[in-house]
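J.: What follows is a single structure, and I will ask about it in a moment.
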Amino acid sequence: MKRLLIIVTLLITPFTSINANDTKGHVAFFILLSENSQDYVEINEDFNYYYENLSAWLVENKYTYSRHTTAPITIKGILKPFTKQMLVTDIGVILIKNEHTYKIIQSIGTDIDLIMDINSFY
8 MKRLLIIVTL LITPFTSINA NDTKGHVAFF ILLSENSQDY VEINEDFNYY
58 YENLSAWLVE NKYTYSRHTT APITIKGILK PFTKQMLVTD IGVILIKNEH
108 TYKIIQSIGT DIDLIMDINS FY
């Protein structure tokens, strides 16, 4: 139950705590691996660790964010969904500027690596 509460909080908070006009952009985390995959548990734990570590930093720095486990990925305000073919990989991050330009980062690095990628893109 505690884990469910944390997940719900992480999914709802970014969209309620920042006015859309005040954001720098959106960061969409995705992990599209099958739960039956041999490596899923370990990869998912690493993914969640960096996702949770970055959530406070993202809000503090005026980014909205979301987590996705299926494709196509639809982001509010973006007309064209991101298909699995567009993503090329099963794990990564989509950085989306307010004018809808975007960058897809394949794989997940450390939280410091992601912060550097985010800062350089925005």
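Quick note: the sequence shown uses my numbering, first residue 8, plus one each step. Every residue, glycine too, gets a C-beta built ideally from N, C-alpha and C. For clarity, every value in this text was computed on a predicted model and none was experimentally measured.
Measuring CB atoms only, is the segment 65–72 touching the segment 89–97, in the sense that at least three cross pairs come out at less than 8 Å?
T.: No, the segment 65–72 is not in contact with the segment 89–97.
J.: Closer than 8 Å by C-beta to T76: which residues in its own chain qualify, once you throw out the five before and the five after it? Chain order, please.
T.: Answer for T76: F37, I38, L39, listed in chain order.
J.: Excluding the five sequence neighbours on either side, which residues of its own chain have a C-beta within less than 6 Å of the C-beta of F128, listed in chain order?
T.: Result list for F128: L102, K110, in chain order.
J.: So, with DSSP's three-state summary, where would you put A35?
T.: Of the three classes helix, strand and coil, the one that applies to A35 here is strand, per DSSP.
J.: Less than 8 Å between the CB atoms is what I'm expecting for H33 and I82, so what's the real figure, rounded?
T.: Correct: roughly 6 Å between the Cβ atoms.
J.: Distance, Cα to Cα, I14 vs P79?
T.: Model confidence at I14 stands at a pLDDT of 46, short of 50, so the residue's coordinates are unreliable and nothing is read from them.
J.: What's the call for L18, buried or exposed, on a 16-neighbour Cβ count within 10 Å?
T.: With a pLDDT of only 47 at L18, under the threshold of 50, the placement of this residue in the model should not be trusted, and no figure is reported.
J.: Between which residues of its own chain and G99 is the CB-CB distance below 7 Å, once the five residues before and five after are set aside?
T.: Taken in chain order, the residues that qualify are F37, I111, I112, Q113, S114, I115.
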